[in-house]
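Student: Going left to right, the sequence shown walks through residues 4 to 158 as our numbering numbers them. Cβ coordinates follow ideal geometry from the N, Cα and C atoms, glycine included. Structure incoming, see below.
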Amino acid sequence: MQIDNVLQQIILPCLYSLIASIAFGVQFNIKLRHMIMAGIGGTLTQFIFIAFELSGTTEMLCYFFSAAAVSVYSEIMARRLHVPVNMYLVIGIIPLVPGGYMYNTMITLIGGDTEAFFNMFLTAVGIAGSIAMGVFAVSALVRLIRIIGHKTIRL
């Protein structure tokens, strides 16, 4: 892979994700140290997505694994810094939100192309579902581990 390709395919999208995540941190009025760490979570999300995408994984799985990765990151950072998981999770998921798909879906609906509308709509809903399932899977696993951990300690 040439330097220009690496810059265009990996480094710039990760940098843009960092900037966007920090901007949303400002919007949500998060403290600076948490904002930077949440921005790193957004960058991690984008990097994982690109890595899976470049390896040939399907788009829905890329979103699923990226959401799962940011969920793990959010759980770890929330435990370490004693803050709610949502502080890192919401900011970290921002780069994955299918806003462009939804915009293009509405444009095709207004344009009257119903077949393209349904295809784009299903893609957008599939992406949103993949993100939700990635977050849910990690959240459920963490909760299960905590329950098992508490039961073992009580015995």
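Between which residues of its own chain and residue 123 is the CB-CB distance below 8 Å, once the five residues before and five after are set aside?
Tutor: These residues qualify, in order along the chain: 104, 107, 108, 111.
Student: Within 10 angstroms of the Cβ of residue 49, are there 16 or more other Cβ atoms? Answer buried if so, exposed if not.
Tutor: Buried, because 16 or more other Cβ atoms sit within 10 Å of the Cβ of residue 49.
Student: Would you list, in sequence order, the uninterrupted alpha helix (DSSP H) runs of no fewer than 4 residues that lie entirely inside the stretch 99 to 158?
Tutor: Taking only runs of at least 4 residues, the alpha helix (DSSP H) segments lying wholly in the stretch 99 to 158 are 102 to 114, 117 to 157.
Student: Given 8 Å as the limit, is there contact between the stretch 15 to 24 and the stretch 84 to 93, that is, 3 or more CB pairs closer than that?
Tutor: Contact fails: fewer than three Cβ-Cβ distances are below 8 Å.
Student: Rounded to the nearest angstrom, what separates residue 11 and residue 46 at their Cα positions?
Tutor: Going from the Cα of residue 11 to the Cα of residue 46 covers about 15 Å.
Student: DSSP state of residue 85, grouped into three classes?
Tutor: Residue 85 falls in the coil class under three-state DSSP.
Student: For the alpha helix (DSSP H) containing residue 21, name the first residue and the last one.
Tutor: It spans 15 to 30 - the alpha helix (DSSP H) in which residue 21 sits, taken as one unbroken run.
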